[in-house]
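Residue numbers (the UniProt record's numbering): 1 to 928.
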């Protein structure tokens with residue numbers, strides 16, 4: 001079949017080839033306008049923006065003005081940046097404009113490619129978002145490409161961490177907004193926690209171009225964005241639940257230490273039902289009814305705390321706190337807490353102070369956030385291997401764009417060694433060989449740990465590691481001072497210092513440079529042979545004023561780089577070394593793609609050992625014994641194209657499994673997403689509504705309707721009515737003391753008459769309030785109560801859905817589809833939430849009284865909101881450095897630097913209150 005596919009591609013071309021062929025006519029139309037556009041003055045070129053906008057206002061479409069708009073951007077880029085779009089870059093822009101993914105190799109100028117579709121779509125005035133992977137790239141691209149947009153009269157904004165709401169609103173109001181995926185997502189969530197429309201910062205989701213689209217929409221899509229805040233103190237609840245566990249016998253539960261799971265048996269369920277009932281914590285008869293999902297969740301966490309987690313092995317108790325012990329390193333991890341109530345369960349078990357549990361205030365996955373855009377496009381160097389997932393989940397097609405110059409890079413077959421030790425020896429030997437020829441080397445590793453291991457090997461071989469924050473890190477190489485001891489330097493990059501790393505990675509093409517990088521480090525920055533002249537000029541001449549002296553220095557740097565480039569070219573270009581295969585072919589291709597940009601020569605080779613993760617998973621034990629029988633000696637490698645093909649198949653299996661995991665996660669999240677959309681749209685309607693009187697009246701009437709239906713069965717005689725229960729509920733929920741018992745004694749009375757009397761009585765109370773407070777004040781009261789009640793119930797609902805999700809898998813044992821069960825139960829929970837919304841809102845409005853005749857203030861947003869996004873590879877919270885960790889910062893308390901007793905709980909990353917200027921964890925918080 002593979003042979004037939006190859007033959008078909010040879011005759012008919014690939015789908016990408018056919019799409020590109022169709023786009024060449026548009027490129028020809030753009031090129032035909034170049035002479036005309038070049039003849040225009042700067043002012044005349046800028047005036048075309050207004051002309052295009054007028055054409056759109058009169059009914060023209062974006063397609064109608066595409067060719068002249070692209071020609072205009074190309075000329076503006078030539079004048080503002082000195083860069084002219086190649087034809088293949090225009091094709092890339094056309095692909096983006098059509099809402100597809102443009103796969104372009106590293107060094108093809110994707111940042112410039114985006115300017116044409118961004119400009120065209122920004123003309124409509126609805127805003128265009130350009131999404132990048134970190135703050136540095138967002139600022140860099142906004143600053144650089146903003147020159148093109150500014151030249152044409154468009155505004156550019158940038159969204160990075162630490163901006164105020166006013167700054168964010170201004171950035172979103174710009175024609176073009178650059179920012180990171182995290183910031184765009186968190187702003188959306190925060191907007192839907194605001195209480196006034198005017199305080200929201202985003203203005204819609206029109207068109208987004210996602211740079212490094214595979215990283216954002218696939219790699220990071222495994223974990224949702226979450227905003228959390230502290231719950232009220234629930235110590236009593238945790239202590240009550242904790243007291244139940246010692247009452248259980250081994251027959252009441254099952255423990256699976258391998259899976260780290262704990263479940264209750266049938267006898268355990270019966271025992272817990274009676275215990276919960278006695279403690280008045282059971283909301284319905286059965287423990288596993290949906291109303292009790294939260295209680296079941298916390299019971300299981302308490303069982304885990306007692307039966308799976310051992311003191312002094314999994315955690316220790318230190319200074320009255322439960323501190324987690326890292327299972328791999330054995331080190332304490334202060335500030336880190338188990339989630340979903342497990343840490344509180346451990347605190348209850350150890351009888352220490354129970355700290356408030358964090359509550360999810362809002363959450364969304366990247367899949368569901370980016371699917372909100374009317375039009376979505378993406379660009380990356382590697383997307384083809386994930387084409388099915390892009391099409392399935394986002395409806396995005398991948399189009400492979402040909403390179404501007406033919407690729408000359410040589411990709412060698414993998415070298416496979418028996419042990420990791422032999423593999424690293426071979427890597428160091430190759431680095432030495434490249435160093436002797438002054439060939440630049442980039443070594444890609446799969447983790448920070450592996451990069452440090454290789455760094456240690458190099459240090460043992462006489463190399464010196466440079467500080468990546470040092471601007472003169474590679475000065476000996478830049479000065480051509482090679483061959484001496486200073487020459488044997490290397491840098492280690494691990495995606496933590498984005499700005500400094502961008503400079504180091506940009507200079508990784510210097511002759512003799514050795515750079516070790518984790519796969520994501522320095523991504524988005526081009527490696528040019530001889531070094532990147534623009535980044536050197538910007539860094540070295542930042543304080544130099546414009547003039548002849550600066551111009552001479554610029555010319556000298558460019559000449560110096562040209563000499564260094566020729567040396568690197570003579571040595572064979574950039575040599576990329578992979579220290580092992582990643583579980584995704586795409587990540588390996590990203591690493592390879594760093595070499596051979598714009599027709600430069602280059603080399604790439606992967607080194608593997610049978611002890612690598614991927615090799616171990618796919619049966620390296622049998623291969624090891626076979627190689628030993630064949631007489632493979634220490635230090636010898638096995639090299640064959642068959643191994644490459646076998647590994648590619650293994651990677652495909654892992655990719656398929658990961659795709660299935662993400663797809664399954666999305667199916668569950670889609671259930672929540674449908675509910676999220678309803679709630680968020682309802683909030684906006686409520687914020688926009690001037691008069692909510694009819695809404696609250698309908699809610700009140702529906703609640704009364706339900707009350708009567710519940711206590712007066714259909715076609716029942718008055719003596720069968722539960723009049724006492726109805727009287728009590730009317731008193732509780734409506735604050736009305738009515739003689740319902742006497743009504744039931746009236747001859748010929750029916751349930752409809754009772755319903756009408758209740759509604760009339762409740763309406764009279766609200767009419768009286770309206771007369772006393774006035775329409776304006778009453779509307780604001782209604783809006784404030786409705787929004788605050790909706791938000792509180794939504795947060796509680798999110799927690800219930802989380803708890804439901806954690807236990808729904810057990811339904812599979814009963815031959816029931818967990819997803820279908822989740823949909824049903826989630827819908828029931830949502831209906832319950834809406835019923836509670838009607839009840840609580842009505843109850844509060846029936847009781848509300850104003851002390852003064854002033855409009856009430858809208859409720860404030862939660863004061864303590866913490867963003868979270870877990871790195872799907874390391875499991876670490878990417879946002880941890882952007883807030884105090886280990887709890888919540890003490891605010892509004894005067895701290896005496898000389899008296900630690902006044903400091904309260906200090907975040908590990910906060911500045912130490914003693915005044916040293918160091919972080920707390922490096923000062924008074926250092927572990928003894």
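Virtual Cβ for every residue (Gly too), placed ideally from N, Cα, C. Since the structure is predicted, the reported quantities are computational estimates derived from the model, not experimental observations.
What first and last residue would you give for the alpha helix (DSSP H) that runs through residue 238? One-based indexing of the chain shown puts residue 238 at position 238. First-last of the alpha helix (DSSP H) with residue 238: 235 to 244.
Roughly how far, in whole angstroms, is the beta-carbon of residue 70 from the beta-carbon of residue 116, given that I think they are within contact range, below 8 Å? The count along the chain shown starts at 1 and reaches residue 70 at position 70. The count along the chain shown starts at 1 and reaches residue 116 at position 116. Correct: roughly 5 Å between the Cβ atoms.
Apart from the five residues just before and just after residue 821, which ones in its own chain have a Cβ nearer than 8 Å to its Cβ? Mapped onto the chain shown, residue 821 falls at position 821. Residues of the same chain with a CB within less than 8 Å of the CB of residue 821, apart from the 5 flanking positions on each side, are 808, 811 in chain order.
Inspect the beta-carbon positions of residue 245 and residue 303 and report whether they are closer than 8 Å. By one-based count along the chain shown, residue 245 stands at place 245. By one-based count along the chain shown, residue 303 stands at place 303. The answer is yes: Cβ separation under 8 Å.
Once DSSP output is grouped into helix, strand and coil, what is the label at residue 252? As a first step, residue 252 must be located in the chain shown, where it is residue number 252. Residue 252: helix per DSSP, three-state reduction.
Buried versus exposed, by CB contacts within 10 Å (16 or more), residue 772: In the chain shown, counting from the first residue as 1, residue 772 sits at position 772. It is exposed - the Cβ of residue 772 has fewer than 16 other Cβ atoms within 10 Å.
Grouping DSSP H, G and I as helix and E and B as strand, with all else coil, what is residue 912? Taking the first residue of the chain shown as 1, we reach residue 912 at position 912. It is coil, neither helix nor strand.
So, helix, strand or coil for residue 886, using DSSP? By 1-based counting over the chain shown, the position of residue 886 is 886. Unreliable placement is indicated for residue 886, whose pLDDT of 32 sits below 50; the coordinate value is still reported in the next sentence. Coil, per DSSP.
Can you check whether the CB of residue 801 is closer than 8 Å to the CB of residue 679? Here the question's residue 679 lines up with position 679 in the chain shown. Here the question's residue 801 lines up with position 801 in the chain shown. The answer is no: Cβ separation not under 8 Å.
Taking 7 Å as the cut-off, does the CB of residue 435 come closer than this to any heavy atom belonging to the ligand FAD? You won't find the ligand FAD in this model; it holds no ligand whatsoever.
Using alpha carbons as the reference points, say which of 726, 81, 654 lies closest to residue 385. Along the chain shown, read from residue 1 onward, the residue named residue 385 stands at position 385. Looking only at 726, 81, 654, the smallest Cα-Cα distance to residue 385 is reached by 654.
Taking residue 178 and residue 142 to be in contact with their CB atoms under 8 Å, please state how far apart those CB atoms are, rounded to whole angstroms. In the chain shown, counting from the first residue as 1, residue 178 sits at position 178. In the chain shown, counting from the first residue as 1, residue 142 sits at position 142. Contact flag correct, Cβ pair sits at about 4 Å.
Where the alpha helix (DSSP H) through residue 269 begins and ends: Your numbering for residue 269 matches position 269 in the chain shown. First-last of the alpha helix (DSSP H) with residue 269: 266 to 278.
Contiguous alpha helix (DSSP H) assignments of at least 4 residues, all confined to the stretch 85 to 121: Under the rule that a run must span 4 or more residues, the alpha helix (DSSP H) segments found entirely inside the stretch 85 to 121 read 87 to 97, 110 to 113.
What did DSSP end up calling residue 891 once you bin it into helix, strand or coil? Numbered from its first residue, the chain shown carries residue 891 at position 891. Low local confidence applies: a pLDDT of 30 at residue 891 is under 50, so the model's placement there is unreliable, with the coordinate-based value given in what follows. It is coil, neither helix nor strand.
Taking the alpha-carbon positions, what's the residue 886 to residue 254 distance? By 1-based counting over the chain shown, the position of residue 886 is 886. By 1-based counting over the chain shown, the position of residue 254 is 254. Residue placement at residue 886 is poorly supported in this model, since its pLDDT is 32, which falls under 50; the coordinates are not used for a value here.
Tell me where the alpha helix (DSSP H) around residue 316 begins and ends. Counting from one through the chain shown, the residue named residue 316 turns up at place 316. Premise fails: residue 316 lies in the beta strand (DSSP E), 315 to 318, not in any alpha helix (DSSP H).
What is the DSSP secondary structure of residue 324, counted as helix, strand or coil? Locating residue 324 in the chain shown gives position 324, counting from the first residue. Residue 324: strand per DSSP, three-state reduction.
Exposed or buried, residue 881, counting other C-beta atoms within 10 Å across all chains shown (16 or more means buried)? The sequence position of residue 881 within the chain shown is 881, counting from 1. Only weak support exists for where residue 881 lies, its pLDDT of 48 falling under 50; the value from the coordinates is given anyway. Around the beta carbon of residue 881, a 10 Å sphere encloses fewer than 16 other beta carbons of the protein chains shown; the residue is thus reported as exposed.
Mind checking which residues open and close the beta strand (DSSP E) that includes residue 208? Taking the first residue of the chain shown as 1, we reach residue 208 at position 208. That run of the beta strand (DSSP E) goes 207 to 211.
Is residue 853 buried or exposed, if buried means 16 or more other CB atoms sit within 10 Å of its CB? If you number the chain shown from 1, residue 853 lands on position 853. Note on residue 853: pLDDT 49, under 50, position unreliable in the model; no value is reported.
Grab the span of the alpha helix (DSSP H) containing residue 362 for me, first residue to last. The residue you call residue 362 lines up with position 362 of the chain shown. Going by DSSP, residue 362 is part of no alpha helix (DSSP H) but of the beta strand (DSSP E) stretching over 358 to 364.
Roughly how many whole angstroms lie between the Cα atoms of residue 126 and residue 182? Working through the chain shown from its first residue, we reach residue 126 at position 126. Working through the chain shown from its first residue, we reach residue 182 at position 182. The alpha-carbon atoms of residue 126 and residue 182 are separated by roughly 21 Å.
Using DSSP's beta-bridge definition, name the partner residues of residue 574. Here residue 574 is taken as the residue at index 574 of the chain shown, counted from 1. Residue 574 is bridged to 602.
Would you mind reading off the limits of the alpha helix (DSSP H) that contains residue 641? Here residue 641 refers to the residue found at position 641 of the chain shown. Looking at the DSSP string, the run of the alpha helix (DSSP H) that includes residue 641 is 641 to 688.
Can you name the start and end residues of the alpha helix (DSSP H) that residue 734 belongs to? Your numbering for residue 734 matches position 734 in the chain shown. Where residue 734 is concerned, the enclosing alpha helix (DSSP H) starts and stops at 723 to 734.
Compute the distance between the beta-carbons of residue 743 and residue 730, then report whether it is under 8 Å. By 1-based counting over the chain shown, the position of residue 743 is 743. By 1-based counting over the chain shown, the position of residue 730 is 730. Not in contact: residue 743 and residue 730 (Cβ atoms no closer than 8 Å).
Name the DSSP beta bridge partners of residue 375, please? On the chain shown, position 375 is the one that residue 375 refers to. 207.
Using CA atoms only, rank isn't needed, just tell me which of 732, 511, 531 is closest to residue 503. Your numbering for residue 503 matches position 503 in the chain shown. Relative to the Cα of residue 503, the nearest Cα in the group 732, 511, 531 belongs to 531.
Using DSSP with H/G/I as helix, E/B as strand and the rest coil, what is residue 881? Against the chain shown, residue 881 aligns to sequence position 881. With a pLDDT of 48 at residue 881, under the threshold of 50, the predicted position of this residue should be treated as unreliable, though the coordinate-derived value follows. When DSSP states are grouped into helix, strand and coil, residue 881 belongs to the helix group.
Beta carbon of residue 435, beta carbon of residue 509: below 8 Å? The residue labelled residue 435 in the question sits at position 435 within the chain shown. The residue labelled residue 509 in the question sits at position 509 within the chain shown. Between residue 435 and residue 509, the C-beta gap is not smaller than 8 Å, which leaves the two residues out of contact.
By Cβ distance below 6 Å, which residues in the same chain neighbour residue 794 in space, the five residues on each side in sequence not counted? Numbered from its first residue, the chain shown carries residue 794 at position 794. Cβ neighbours of residue 794 beyond the five flanking positions: 679.
Is it buried or exposed for residue 414, if we count other Cβ within 10 angstroms and need 16 for buried? Sequence index remark: in the chain shown, residue 414 carries index 414 (1-based). Counting of Cβ neighbours within 10 angstroms places residue 414 among the buried residues, the total reaching 16 or more.
Segments assigned beta strand (DSSP E), at least 3 residues, entirely inside the stretch 401 to 481: Secondary structure remark: continuous beta strand (DSSP E) runs of at least 3 residues inside the stretch 401 to 481, in chain order: 408 to 411, 415 to 417, 441 to 445.
Contact set for residue 578: own chain, Cβ-Cβ below 6 Å, skip 5 residues either direction: In the chain shown, counting from the first residue as 1, residue 578 sits at position 578. Result list for residue 578: 444, 591, 606, in chain order.
Taking the C-alpha atoms as reference points, what is the distance between residue 66 and residue 651? Taking the chain shown and counting its residues from 1, one reaches residue 66 at position 66. Taking the chain shown and counting its residues from 1, one reaches residue 651 at position 651. Each residue's alpha carbon lies about 41 Å from the other.
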